[in-house]
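Protein chains: 2
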Amino acid sequence: MSKRRTGQVTVLAGGVGAARLLRGLAPLVRASELSVIVNTADDDTFFGLEVSPDVDTVLYTLAGLADPIRGWGIAGDSFHALRALERFHGHAWFQIGDQDLATHLFRTERLARGDSLSTVTAAQARALGVAPRVLPMTDDRVRTIIDTTGGRRSFQEYLVRDRARETVRAISYAGARRSRPAPGVLAAIEDASLLVVAPSNPLVSIGPILAVPGIRAALRRAGAPVVAVSPLIGGRAVKGPGDKMMRALGRAPNPLSIAECYADFLDAMVIDTADRSFAPRLAACGLSVTSLDTLMRSQVRATAVARAVLDLGSTTDRRRTLAV
Amino acid sequence: MSKRRTGQVTVLAGGVGAARLLRGLAPLVRASELSVIVNTADDDTFFGLEVSPDVDTVLYTLAGLADPIRGWGIAGDSFHALRALERFHGHAWFQIGDQDLATHLFRTERLARGDSLSTVTAAQARALGVAPRVLPMTDDRVRTIIDTTGGRRSFQEYLVRDRARETVRAISYAGARRSRPAPGVLAAIEDASLLVVAPSNPLVSIGPILAVPGIRAALRRAGAPVVAVSPLIGGRAVKGPGDKMMRALGRAPNPLSIAECYADFLDAMVIDTADRSFAPRLAACGLSVTSLDTLMRSQVRATAVARAVLDLGSTTDRRRTLAV
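Chains A and B, in that order, are what the protein sequence lines are. The first sequence begins at 909 in our numbering and counts up by one. The second sequence begins at 909 in our numbering and counts up by one.
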């Protein structure tokens, strides 16, 4: 696939949805011109290991190692260490494959030595042959807390252990207020020719990134157009509990609600054909809109969505405010 | 196999040689009457993981998980995590299997939380269904340092990384002087009806145990006879560089030199038939001696050696001093 002259493309990314879009973008954008700012508020510690699920998903995707079906971990990975850990710990609700474990071991050791998450992530990207820049949103500790009817949960407890069965009452990003963008994050926004918000959960994937002081302001100030890909198809999140969370927090799960989350910096939106009835209202808010099949179940579909993002970005002017 | 009435049997153990003897002893001695005091001076940190090679070998052996051919690790273990670690670290000279990794992860996490090595080891023994008491010699940090013609090496660097090719000039046990026996160690010696020195390297496996202040004195004071199994067969160590190290340090690799290492507390010795010419001189030093085929290449042979140890122990009187 021939690469476009896109200039710097910077993507705000969560996990699975972002990974699918990146599968489409990576072949189209020169690696040296692609930067990914990744949510780290899902990070957690398991068995003493520092796990960064979204960073790992992005790294594995760009390295061609990801399991595209499962949405996490390394394709074909085995689980011998985890089964052996269960001898000591009992049932493990968080799955870590044997190869995946190596990623966490390396990270844990380097963080313990005092290296920053962004330094470690850059080293991991190099080791895995990932040329685009993968930037954790912050080197500081930010954690998404899900306040449910059953109590306060870490994000992984809510999503993985409790399978998102509990009703969400509130979401907060502990530590966000005192956090700073990781080195390179603000520059990746300021220097971009195109800014992309991946089809990730706006509340728990993109929300934490925007909660790091300075990032939202940089997006508002940026000279490049900002294109978001809606993570919803016909009122449902493609993967994960995004729609359910939105409803629980009083937001209709549709592209308008997504646009509202990004209202102060968004210029354009890619939505699914199932949601094209929302296009006029999005346009009325001043947004450029493209609709197509956004279910990226194959490389071909991912490429089509990525093309739509690049096309929309190249024809959209930068606006400053929205009337959502 | 019917268990004997042995009373408490306490074994001083290194790695492979001790594991082979324990394979023979475990079916003969009631689990509640078997204690193993294990060398921890070979412990090291790899990939941020706290590895206790001799403790693991003893645990795996008593759990029936050990790889009896290789002498370390878990039988049938895979190495997927290690291969993945090599993406980040380059070639790994210390091999850790996927299941083995779980043991180190559990230990590392618990030690980091402030638990002692003996507490963690007891928890691991329980989890693995190991009923005999496995006691690290100390909860303090003691490390065997091998001073070679090429420089100072940790034990694992000397043995595994450099394959024991360098000539040994001196051996020391860093930290030993300030270390204390782990809880239960002195009692296991004092309360024993039989004390066994496993066929382990006297310089780097049993030596460090004896260097923990209080242990050697307890062995001297103990009321039970002390039986050592020679780790040599016809001047050669069955496994590892013991013979080479002994020669390098000016000691002939024969049962007399082994007896010398334990002269102040030894009562009896099991030697290989290949070394039976040494029996009269050992007897002249006041030792009871049995010779048989000590190469424990099968369960049958391990049982035969274990029986010889128990028999010799039951017919040997406790002496206080030797004339070696």
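Each residue gets a CB set at the ideal place from its N, CA and C atoms; glycine is no exception. Given the structure is predicted, the values throughout are model-derived calculations rather than measurements.
Between B/Asp1047 and B/Ala1090, the C-beta spacing is below 7 Å.
With respect to chain A, the C-beta atom of B/Thr1016 has a partner C-beta closer than 7 Å. One Cα belongs to A/Ile1079, the other to A/Phe955, and the distance between them is close to 26 Å. Close to B/Phe955, with beta-carbon spacing below 7 Å, are these residues of chain A in chain order: Leu1013, Glu1017. Counted as a single uninterrupted DSSP element, the beta strand (DSSP E) harbouring B/Asp1180 occupies residues 1176-1180. Residue environment analysis places B/Ser1026 among the buried positions, since at least 16 neighbouring C-beta atoms fall within 10 angstroms of its C-beta. In its chain, beyond the 5 residues on either side, Ile1179, Val1197, Ser1199 have a beta carbon closer than 8 Å to the beta carbon of B/Ala1187. Under DSSP, B/Gly1037 takes part in no beta bridge, so it has no partner. Taking 7 Å as the cut-off, the Cβ atoms of A/Met1177 and A/Ala1136 count as close. In the DSSP annotation of this structure, the continuous segment of the beta strand (DSSP E) that includes B/Val1135 starts and ends at 1134-1137.
Of A/Leu993, A/His999, A/Ala1030, A/Arg1015, the smallest CA-CA separation from A/Ile945 is found for A/Ala1030. In the DSSP assignment, B/Glu1017 falls outside any beta strand (DSSP E) and lies within the alpha helix (DSSP H) extending over 1006-1020. C-alpha of B/Glu1074 to C-alpha of B/His999: approximately 21 Å in a straight line. Under the 10 Å beta carbon count, B/Arg1128 is surrounded by fewer than 16 other beta carbons and is classified as exposed.
Note that the segment 1104-1116 of chain B touches the segment 911-928 of chain B; at least 3 beta-carbon pairs, one per stretch, sit closer than 8 Å. For A/Arg995, the neighbours in chain B by C-beta distance under 8 Å run, in chain order, Ala1010, Ala1035, Leu1036. Counting along the chain, A/Tyr1081 sits inside the beta strand (DSSP E) bounded by residues 1076-1082. Around B/Ser986, the beta-carbon contacts reaching into chain A at under 8 Å are Ser986, His988, Asp1006. Less than 7 Å separates the beta-carbon of A/Asp1151 from that of A/Pro1161. Under the criterion of beta carbons closer than 8 Å, B/Met1154 and B/Leu1111 qualify as touching, at roughly 7 Å.
For A/Arg938, the secondary structure class from DSSP, reduced to helix, strand or coil, is coil. With a beta-carbon spacing of about 6 Å, B/Ala989 and A/Ala989 fall inside the 8 Å limit used to define contacts. When DSSP reads this structure, A/Arg1051 sits in a beta bridge with A/Ala1082.
Per DSSP, reduced to three states, the secondary structure at A/Thr1056 is strand. Assignment of B/Ser943 by DSSP, reduced to helix, strand and coil, places it in the strand class. With a threshold of 7 Å between beta carbons, B/Ala992 makes contact with chain A.
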